[in-house]
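S.K.: Line by line, the protein sequences give chains A and B.
Here our numbering is used: the first residue of the first sequence is 149, the next is one more, and so on.
Here our numbering is used: the first residue of the second sequence is 44, the next is one more, and so on.
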Amino acid sequence: MKNSDQLPTRLIIQRVVLAVFTFLLLLILVNQNLRANFLSGSGIASGALIVAVAIGIVLTYRGSGVVNFSNGAIAMYAAYVFAVLRSQGDLFLPPLPNPLSLLEAPVNFFSSGSPLDLPDIPTKISFGDTLGLFPALTITLLFCILLGLALHFLIFKPLRHAPPLTKVVASVGIFLLLQAIVVRRFAATPRPVKPIFRKSPIDLPFGINFSKDQLIVSVLVVIFTFALWALFRFTRFGLATRAAAENEKGAIILGFSPEFLSGINWVLSTVLTGLLGILVASINTAVDPATIPALIVPALTAALVGNFSSFGLTALAGFLLGMQSQLMVYLGVTQSWFPRSGGSAFPGMDKVVPLLVIVLVLYIRGDSLPIRGGVTSGRLPFSPYPSKAAVRLWGPSLIVATAVFGLFLATPSFRLGLTNSLIGVMICLSAVVLTGFVGQISLSQMAFAGISGFLLSKLATEHGVPFPIAPLLGALVAMFMGVLVALPALRVRGVNLAIVTLAFGVAVEAAVFKNSSVNGGLARAIVVPPKVFDSSRVTDYKFLGITIGDGLQPNPMTILLCLIVTSLMCYLVVNLRRSGSGRRMLATRNNERAAAAVAVNVAYTKIMAFGLSAFIAGLAGAISSYRFGSATPEYFTYTQSLVFFAFAYLGGISSVTGAIAGGVLVSGGLGFTFLENILHVPSEFTLILGGLGLITTAILNPEGLAGGWSSRLNKVTARFSHDKEKEIVS
Amino acid sequence: MTLFETSSMSVAFGGLRAVDNVDIAVEKGKLVGLIGPNGAGKTTFIDGVTGFVPTTGRIMLDGKDISSSPAHRRAAAGLGRTWQSLELFDDLTIEENLQVAAENQTLATFIADAFLPLRSRDHSGVQFALDVLGISNLRGRMPNELSQGQRKLVSAARALAGRPKLLCMDEPAAGLDTQESQQLGLRLRDIIDAGITILLVDHDMGLVLNVCDYIYVIEFGHKIAEGTPSQIKKDPAVIKAYLGSASQESSE
Chain A
149 MKNSDQLPTR
159 LIIQRVVLAV
169 FTFLLLLILV
179 NQNLRANFLS
189 GSGIASGALI
199 VAVAIGIVLT
209 YRGSGVVNFS
219 NGAIAMYAAY
229 VFAVLRSQGD
239 LFLPPLPNPL
249 SLLEAPVNFF
259 SSGSPLDLPD
269 IPTKISFGDT
279 LGLFPALTIT
289 LLFCILLGLA
299 LHFLIFKPLR
309 HAPPLTKVVA
319 SVGIFLLLQA
329 IVVRRFAATP
339 RPVKPIFRKS
349 PIDLPFGINF
359 SKDQLIVSVL
369 VVIFTFALWA
379 LFRFTRFGLA
389 TRAAAENEKG
399 AIILGFSPEF
409 LSGINWVLST
419 VLTGLLGILV
429 ASINTAVDPA
439 TIPALIVPAL
449 TAALVGNFSS
459 FGLTALAGFL
469 LGMQSQLMVY
479 LGVTQSWFPR
489 SGGSAFPGMD
499 KVVPLLVIVL
509 VLYIRGDSLP
519 IRGGVTSGRL
529 PFSPYPSKAA
539 VRLWGPSLIV
549 ATAVFGLFLA
559 TPSFRLGLTN
569 SLIGVMICLS
579 AVVLTGFVGQ
589 ISLSQMAFAG
599 ISGFLLSKLA
609 TEHGVPFPIA
619 PLLGALVAMF
629 MGVLVALPAL
639 RVRGVNLAIV
649 TLAFGVAVEA
659 AVFKNSSVNG
669 GLARAIVVPP
679 KVFDSSRVTD
689 YKFLGITIGD
699 GLQPNPMTIL
709 LCLIVTSLMC
719 YLVVNLRRSG
729 SGRRMLATRN
739 NERAAAAVAV
749 NVAYTKIMAF
759 GLSAFIAGLA
769 GAISSYRFGS
779 ATPEYFTYTQ
789 SLVFFAFAYL
799 GGISSVTGAI
809 AGGVLVSGGL
819 GFTFLENILH
829 VPSEFTLILG
839 GLGLITTAIL
849 NPEGLAGGWS
859 SRLNKVTARF
869 SHDKEKEIVS
Chain B
44 MTLFETSSMS
54 VAFGGLRAVD
64 NVDIAVEKGK
74 LVGLIGPNGA
84 GKTTFIDGVT
94 GFVPTTGRIM
104 LDGKDISSSP
114 AHRRAAAGLG
124 RTWQSLELFD
134 DLTIEENLQV
144 AAENQTLATF
154 IADAFLPLRS
164 RDHSGVQFAL
174 DVLGISNLRG
184 RMPNELSQGQ
194 RKLVSAARAL
204 AGRPKLLCMD
214 EPAAGLDTQE
224 SQQLGLRLRD
234 IIDAGITILL
244 VDHDMGLVLN
254 VCDYIYVIEF
264 GHKIAEGTPS
274 QIKKDPAVIK
284 AYLGSASQES
294 SE
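#1: Between A/T714 and A/N825, what straight-line distance do the alpha-carbon atoms span, to the nearest angstrom?
#2: Just the chain A side, please: which residues come within less than 9 Å of B/Q142 by C-beta, in chain order?
#3: Is the Cβ-Cβ distance between A/G572 and A/S600 less than 8 Å?
#4: Are B/V169 and B/A204 touching if we call contact CB-CB under 8 Å?
#5: Among the residues of its own chain, which have a CB less than 7 Å from the CB of A/Y225, if the five just before and after it don't count?
#6: What is the DSSP secondary structure of B/T45, reduced to helix, strand or coil?
#7: Going by alpha carbons, who is nearest to A/V199 out of A/F456, A/A231 and A/P534?
#8: If we require 4 or more residues per run, which alpha helix (DSSP H) segments fall completely within the segment 634-697 of chain A?
#9: Helix, strand or coil for A/A779, going by three-state DSSP, please let me know.
#10: With DSSP as the reference, please indicate the residues paired to A/K272 in a beta bridge.
#11: So the candidates are A/L289, A/L241, A/L475 and A/G321; which of them puts its Cα closest to the Cα of A/N179?
#12: Does A/I401 pass the burial test, meaning 16 or more other C-beta atoms within 10 Å, or should it be called exposed?
#13: What are the boundary residues of the alpha helix (DSSP H) that B/P160 is part of?
#14: Looking at the structure shown, is B/V319 part of a helix, part of a strand, or coil, going by DSSP?
#15: Does the segment 58-73 of chain B touch the segment 186-201 of chain B, meaning 3 or more C-beta pairs lie closer than 8 Å?
#16: Using a Cβ cut-off of 7 Å, which residues of the segment 131-156 of chain B contact any Cβ in chain A, in chain order?
#17: Under 8 Å Cβ-Cβ, which residues of chain B neighbour A/Y752?
#18: Please report the Cβ distance between A/M717 and A/V586, rounded to the nearest whole angstrom; I am assuming they are in contact, meaning their Cβ atoms lie under 8 Å.
#19: Please decide whether B/A237 counts as near chain A, where near means a Cβ-Cβ distance under 8 Å.
#20: So the candidates are B/D233, B/K85, B/S111 and B/G84; which of them puts its Cα closest to the Cα of B/P97?
#21: Find out if the Cβ-Cβ distance for the pair A/S592, A/G653 is shorter than 8 Å.
#22: Please name the residue or residues paired with B/Y257 in a DSSP beta bridge.
#23: What distance in whole Å lies between the Cβ atoms of A/W414 and A/S212, which are believed to be in contact at a cut-off of 8 Å?
#24: Could you compute how far the alpha carbon of A/G521 sits from the alpha carbon of A/V477?
#25: Just the chain B side, please: which residues come within less than 7 Å of A/L174 by C-beta, in chain order?
#26: So A/F459 and A/V201 are supposed to be a Cβ contact under 8 Å. How far apart are they, rounded?
#27: Given a limit of 8 Å on CB to CB distance, which residues of the segment 196-211 of chain B reach chain A?
#28: Could you check what DSSP says for A/D498 in three-state terms: helix, strand or coil?
#29: Between the Cα of B/A202 and those of B/L59, B/A118, B/G84 and B/V254, spot the shortest distance and give me the residue it belongs to.
#30: Counting only Cβ pairs nearer than 7 Å, list the residues of chain B close to A/N749.
#31: Of all the CB atoms in chain B, is at least one closer than 8 Å to the CB of A/A809?
#32: In three-state terms, what does DSSP make of B/H265?
#33: Return helix, strand or coil for A/R332, following the three-state DSSP convention.
#34: Where does A/T550 sit, in a helix, a strand or coil, going by DSSP?
#35: How would you write the range of the beta strand (DSSP E) that B/A61 sits in, first residue to last?
#36: From which residue to which residue does the beta strand (DSSP E) around B/L209 run?
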């Protein structure tokens with residue numbers, strides 16, 4: 149920790165970065181073509197959309213200390229509420245299955261009369277006819293107030309003393325839940341929205357062309373930014389919020405309830421975000437479940453530049469980020485120096501820019517978020533030491549049982565569910581190593597999986613690398629990327645790391661996985677599995693008089709491949725927890741300073757964890773590509789990373805048992821196969837239940853499902869053993 | 044023989060020099076005290092010595108200059124420390140807490156750990172530390188199940204498990220009553236008898252004067268006195284530092 153000369157170095161870097169930035173800006177403004185594309189109406193408007201989401205994030209953070217990953221999803225949800233009110237006059241409600249409908253199947257199984265069909269919970273409040281602009285707007289904003297209150301009272305107030313990780317988890321849960329509700333109700337296709345303002349063109353000086361709605365939204369965003377700045381700068385309310393952010397105790401002594409302040413700020417933020425979401429949808433003349441939520445990455449980048457406290461800096465950064473994306477498109481088309489692949493411009497460069505900005509900002513600033521003066525601090529779920537029985541008896545029994553079930557007993561749909569679960573276990577395991585053992589949040593596990601999956605396709609299909617070597621090479625390269633990501637992570641902690649990894653996942657997805665020279669375009673990135681494991685093969689296998697296979701897809705032998713690799717990885721991680729390296733990881737997670745004081749090399753420990761985690765994810769990516777017969781960009785999206793992180797946390801983030809539970813729960817896994825095939829719950833509820841489960845787990849049972857069981861069990865056994873010990877001592 | 048030495052060591056926070064050109068030397072096998080009133084810079088001194096805040100000047104341990112090493116290297120070189128707030132690893136048992144300190148770490152151990160987690164490792168440091176402090180009965184317990192006094196012992200044991208050459212103890216007597224403080228003194232002598240040198244930082248005059256072989260006194264980041272306990276008791280600068288403010292207050 150010798151950093152006596154670090155301050156000047158950092159200052160120099162700061163100046164260099166600022167100088168390069170100014171130079172680039174000047175260069176852009178001097179050249180007429182560049183200027184026209186940089187200062188375009190659509191560029192500025194897309195900046196305004198980023199700012200709209202970003203200032204809501206800053207507001208929530210200042211008000212309650214939560215970095216809200218779901219702010220984009222909230223904007224999207226409000227836009228849907230508005231759009232449906234306008235076009236149908238309905239206020240739609242989250243589609244929840246009637247819990248009693250679980251009884252339908254068993255009842256119908258036994259009774260021979262007319263099938264039992266219980267009514268579903270109502271899914272809308274109808275206002276009769278389509279609504280006009282102002283009634284629809286009012287109802288939507290009222291809805292936003294309710295949503296803000298719900299977020300505060302139901303989720304973040306109970307979580308106010310939870311560790312930052314739990315808050316991130318809850319906000320990711322909200323993200324997934326809101327998105328899932330909308331997908332369930334309206335499918336993923338865009339829904340048209342009647343524009344609020346006309347799209348008549350307006351010419352401004354300096355050759356900037358706006359359409360009227362773009363200009364209005366941009367101006368509104370600027371006004372909101374100023375208003376928020378003034379609110380926090382000049383009013384008693386703003387002063388109190390600032391005081392509470394500095395020191396909750398201090399605010400209490402001064403007679404302010406931090407809870408009240410944070411509630412008000414939540415409502416303010418959802419209303420503002422909702423309003424801007426409506427305007428965004430109006431500009432785009434359509435709304436879909438993916439576009440607005442995806443603004444979260446540039447918005448978080450902007451908020452980070454503003455250090456989660458400055459509305460002005462955040463807005464400036466947001467506008468610039470929006471404007472650069474237009475410029476990147478232009479540069480890609482026209483400039484010969486622009487990086488190219490397969491003849492056309494390298495895609496997704498506008499997504500790489502936020503990543504670079506985040507890494508630079510964090511590098512220059514070095515430290516994590518401004519620390520909020522909370523009264524208590526929480527900690528991560530407990531990571532139990534695997535018992536001898538679990539390692540020697542339960543583990544092998546489970547493997548044998550899974551093999552018997554998968555090879556001989558399972559119907560095709562359960563075989564499919566089982567492979568999904570086994571691969572899910574691996575992805576969850578990769579989160580256990582990194583988040584559970586070392587306390588580092590990574591929201592880009594599917595990016596590592598994808599890197600390995602696509603590399604496998606290149607190696608195996610184009611270069612003929614044989615089966616066990618190619619996936620191992622893919623996983624090793626993923627591991628190398630993991631180590632690379634770990635390098636900034638050495639200086640970055642907690643929520644900031646979650647942001648970096650999210651941006652990394654988005655950048656890799658946009659620049660690599662969606663690159664047609666990587667994903668093979670229409671021909672797809674083919675991965676040919678070894679014949680025995682080919683999931684589309686329907687040949688039966690006869691072995692010592694035993695027949696495996698029932699002439700149906702998927703091939704049961706695919707399960708064997710997944711099971712072998714997953715079991716190996718499970719034992720690798722169990723071993724890690726039982727060994728010195730695992731103890732050092734947990735020590736690092738507990739207290740980095742104390743760990744360093746007993747000679748633990750904290751940086752090294754983190755790099756190891758990142759490497760191993762990415763390796764496991766990479767292996768999962770390779771195996772899943774074998775199973776699908778190709779590597780597909782849709783499987784490795786950043787949303788998938790969020791979903792898997794959710795299920796890993798839901799299962800229990802800090803133990804192998806938790807990873808197994810998470811794997812059972814993943815979408816398309818065993819748990820949902822059971823729900824769907826035996827209890828006949830429609831599959832669209834998967835993600836809704838996942839998001840809802842994630843939020844409730846974060847609040848009620850932060851140790852995850854597996855942790856919850858084992859800690860209850862431990863309490864019982866501990867009571868007995870303590871009594872004995874006390875007798876001996878006394 | 045001098046085991047540990049700082050020469051003109053300083054710690055600056057912005058314009059404030061929390062530790063200003065402090066020279067101390069610790070003889071091998073001795074119990075050396077560093078005392079000073081509240082805010083004198085004692086904890087900052089330990090943080091500087093052990094590598095947790097940037098310092099200028101030279102820090103020598105066993106003939107090697109460690110002033111440019113990061114914290115974990117200093118610890119590996121034989122510089123152990125305890126924390127005023129203990130900082131135990133709450134997710135690990137007492138034994139595991141000590142094992143973390145007793146084991147070394149290489150790429151080879153990481154790979155071996157993945158396949159042979161329970162192969163025999165040198166954990167003699169763990170038993171040594173548990174024996175010296177007489178807490179073998181606590182090995183399977185979790186930190187949050189222990190009393191504050193037991194936690195203090197565990198915190199010292201964890202530092203000892205790494206078999207340090209020099210153990211820096213930050214305010215071990217904080218929160219203890221007079222009797223407990225005396226018992227702590229006896230434990231410290233046990234540690235010395237086990238062959239480990241101690242630098243004891245505390246503001247409890249009674250404890251330090253009773254158990255230490257040699258004492259340094261700092262105030263506002265400056266060293267104001269050094270000597271044996273009997274010399275320190277008589278030193279006018281020390282009396283002024285400890286009583287001066289009190290006598291001024293009473294005269295007002």
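We treat Cβ as the ideally placed atom computed from N, Cα and C, and that holds for glycine.
As the structure is a prediction and not an experimental result, all values here were calculated from the model.
M.R.: So, from the data block:
#1: 25 Å
#2: G728 and R731
#3: Not a contact, by the Cβ cut-off of 8 Å.
#4: yes
#5: L326 and V330
#6: Here B/T45 sits in strand by DSSP.
#7: A/F456
#8: 642-656 and 664-667
#9: In this structure, A/A779 counts as strand in the three-state DSSP scheme.
#10: A/F240
#11: A/L475
#12: exposed
#13: Looking at the DSSP string, B/P160 is not in any alpha helix (DSSP H), and its letter there is neither H nor E.
#14: Past the boundaries of the shown model lies residue 319 of chain B; chain B is included only from 44 to 295, so the question cannot be answered.
#15: By the Cβ criterion, the segment 186-201 of chain B is not in contact with the segment 58-73 of chain B, since fewer than three pairs of Cβ atoms, one from each stretch, lie closer than 8 Å.
#16: Contact residues of the segment 131-156 of chain B toward chain A are F132, D133, D134, L135, E139, Q142, V143, A144, E146, Q148, T152, F153 and D156 (C-beta to C-beta distance below 7 Å).
#17: Q148
#18: So it is not a contact: roughly 17 Å between Cβ atoms.
#19: no
#20: B/S111
#21: Yes.
#22: B/Y257 is bridged to B/V75.
#23: 6 Å
#24: Below a pLDDT of 50, predicted positions are generally treated as unreliable, and A/G521, at 39, falls in that range; no measurement from the model is reported.
#25: In chain order: nothing, as chain B lies at least about 35 Å away.
#26: Going by Cβ atoms, the distance from A/F459 to A/V201 rounds to 13 Å, so no, they are not a contact pair.
#27: R201, A202, A204 and G205
#28: helix
#29: B/A118
#30: H115 and Q148
#31: In terms of beta-carbon proximity, A/A809 stays away from the interface with chain B, with every pair separated by 8 Å or more.
#32: Three-state DSSP puts B/H265 in a strand.
#33: helix
#34: Reduced to three states, the DSSP call for A/T550 is helix.
#35: L59 to E70
#36: Run containing B/L209: L209 to D213, per the beta strand (DSSP E) assignment.
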